[in-house]
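As structure tokens, the structure follows; a few thoughts come after it.
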Amino acid sequence: MAAYPPHVIQDVLSRVNVADIIGESVRLKRLGGRMIGLCPFHAEKTPSFNVHPERGFYHCFGCGASGDAIKFVMQQDGLSFTEALQKLADRAGVELPRPDSSPEAVARDQGREAYFKATQVAADLYTELLASGRFKAPLEYLEKRGIDAETVR
Ligand code: ZN
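The numbering of the sequence shown is my numbering, which starts it at 416 and goes up by one.
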């Protein structure tokens, strides 16, 4: 497993549009600042798969799948992080530097994976806790601010 410095990864991500990449396999409809479609990662009849082109990420309220363009390619094509990064770099016309395969760099990539998993778990947990209705204060606060149920989710 090889690793790349964070600025290389950021550079590739800044040159691809997450909505273009997802739009190749998912039919997306614009809805304000985001785009929605049927989630490619779980079976559904009403779209709960949201793509935020400006912020560069996707999130499914149905199954919790979420991440950036690299994560989508990993999930969609069953690729490793490095393979997905390479695929997007090719597409964006970015030449990746020689991979850094030092133990530090490899650990950093694994950290990134762990980070994705951790944010996923946290997002699922908070969604569940809010939906459970056990905590009134945050719900009242959100209601007071006029935030609708969909956004709260
Ligand atoms: Zn889903």
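From the three backbone atoms N, C-alpha and C, an ideal C-beta is built for every residue, glycine too.
T452: first and last residue of the uninterrupted alpha helix (DSSP H) it sits in:
The residue asked about is misnamed: residue 452 is Gly in this sequence, not Thr. That residue, G452, is in no alpha helix (DSSP H); its beta strand (DSSP E) goes R449 to G452.
As a quick check of your reading: which residues have a C-beta less than 6 Å from at least one non-hydrogen atom of the ligand ZN, in chain order?
C454, F456, H457, F464, C475, G477, C478 and A480
Locate the alpha helix (DSSP H) running through R527, then write down its first and last residues.
P518 to S547
Complete beta strand (DSSP E) runs within the segment 433-512 (minimum length 3 residues, chain order)
444-446, 449-452, 464-467 and 472-475
Using the Cα positions of I562 and M450, report the straight-line distance between them to the nearest angstrom.
19 Å
Just mark P462 as buried or exposed, buried being the case when its beta carbon has 16 or more other beta carbons within 10 Å.
buried
Exposed unless 16 or more other CB atoms sit within 10 angstroms - verdict on G452
buried
Between the C-alpha atoms of Y556 and F496, what's the straight-line distance to the nearest angstrom?
39 Å
Could you pull out every residue in the same chain whose Cβ sits closer than 6 Å to the Cβ of A499, ignoring the five residues on either side in sequence?
I485, V488 and M489
Rounded to the nearest angstrom, how far is the Cβ of C454 from that of G477, given a contact under 8 Å?
5 Å
Simplified DSSP assignment, three categories, for D563:
coil
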